[in-house]
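> Residue numbers (my numbering): 712 to 828.
Yeah, the Cβ is synthetic: ideal placement off N, Cα and C, and Gly gets one too.
What follows is a single structure, and I will ask about it in a moment.
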Ligand SMILES: [Fe+2]
Ligand SMILES: [Fe+2]
């Protein structure tokens with residue numbers, strides 16, 4: 712998917728988003744064994760949120776209180792999704808579309824404004 716539309720202007724942050732996006736494709740291409748990759752995807756996004764906050768501090772990017780709050784909400788949603796996977800309450804396609812929507816929505820509405828927010 713990696714269109715320039717999703718670029719934040721920070722190469723470090725963009726490369727983390729791109730890695731997660733590649734892992735989404737990897738998970739999509741797995742048939743029966745998609746759940747371990749889904750768990751890795753969930754932890755990759757949770758780790759990215761912490762990493763992004765650190766990059767913003769180091770590089771002087773504009774991480775707003777609203778953006779930080781959104782990260783907390785995303786982590787709570789990710790924990791919820793992980794439980795659904797553990798209980799086999801979530802189909803692969805549903806997981807992938809939910810996860811991708813979460814990532815894209817967040818980049819579009821928050822990460823893209825890190826430089827000029
Ligand atoms: Fe963010
Ligand atoms: Fe991000």
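Just reading off the alpha helix (DSSP H) that residue 742 is part of, what are its end residues?
First-last for residue 742: undefined, no H or E at that position.
> Work out the CA separation of residue 806 and residue 788 for me, nearest whole Å.
Going by the C-alpha atoms only, they are around 12 Å apart.
> What is the rounded straight-line gap between the Cα of residue 743 and the Cα of residue 727?
Approximately 26 Å between the Cα atoms of the pair.
> For residue 804, name the three-state secondary structure that DSSP assigns.
Residue 804: helix per DSSP, three-state reduction.
> Note down the Cα distance separating residue 745 from residue 796, rounded to an integer number of angstroms.
Rounded to the nearest angstrom, the two C-alpha atoms are 10 Å apart.
> Closest to residue 747 by C-alpha separation, out of 808, 778, 803, would be which residue?
Looking at the Cα atoms, 803 is the closest of the given residues.
> Give the residues whose C-beta lies closer than 7 Å to at least one heavy atom of ligand 2, in chain order.
Matched residues: 724, 727, 728, 759, 760, 763, 817, 818, 822.
> For residue 734, does the three-state DSSP call read helix, strand or coil?
Helix.
> Residue 811 to residue 723, Cα distance in whole Å?
Each residue's Cα considered, the two are about 20 Å apart.
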